[in-house]
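In the working numbering, the protein residues as written are 174 to 262.
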């Protein structure tokens, strides 16, 4: 199984990528949208009720990719769901 959900990131990027099945299901979070779209991205992530994300990938530092990343890492609920952070810096 492979599924990609585009989160409501406005003019930014935020994706949840899932692959595998059953106990072998894996979830990745790629970027987190803009600072201004963070509340919508956050609401969708909470609604998904994913227990964790193996990797949070921050692709680059343009605001449409990293604005929400800073907010995510400041969020006491969601930051604890991220196991690793990968940054191409």
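By construction, the Cβ of each residue, glycine as well, lies at the ideal position given by its N, Cα and C atoms.
For residue 175, no alpha helix (DSSP H) segment is defined; the enclosing uninterrupted segment is the beta strand (DSSP E) at 175 to 179. Secondary structure note for residue 199: its beta strand (DSSP E) is the uninterrupted segment 199 to 203. The beta carbon of residue 203 sits closer than 6 Å to the beta carbons of 188, 230 from its chain, once the five residues preceding and following it are set aside; these are given in chain order.
A direct Cα-to-Cα measurement between residue 191 and residue 247 gives close to 24 Å. In the same chain as residue 198, and ignoring 5 residues on each side of it, the C-beta atoms closer than 7 Å to its own belong to 191, in chain order.
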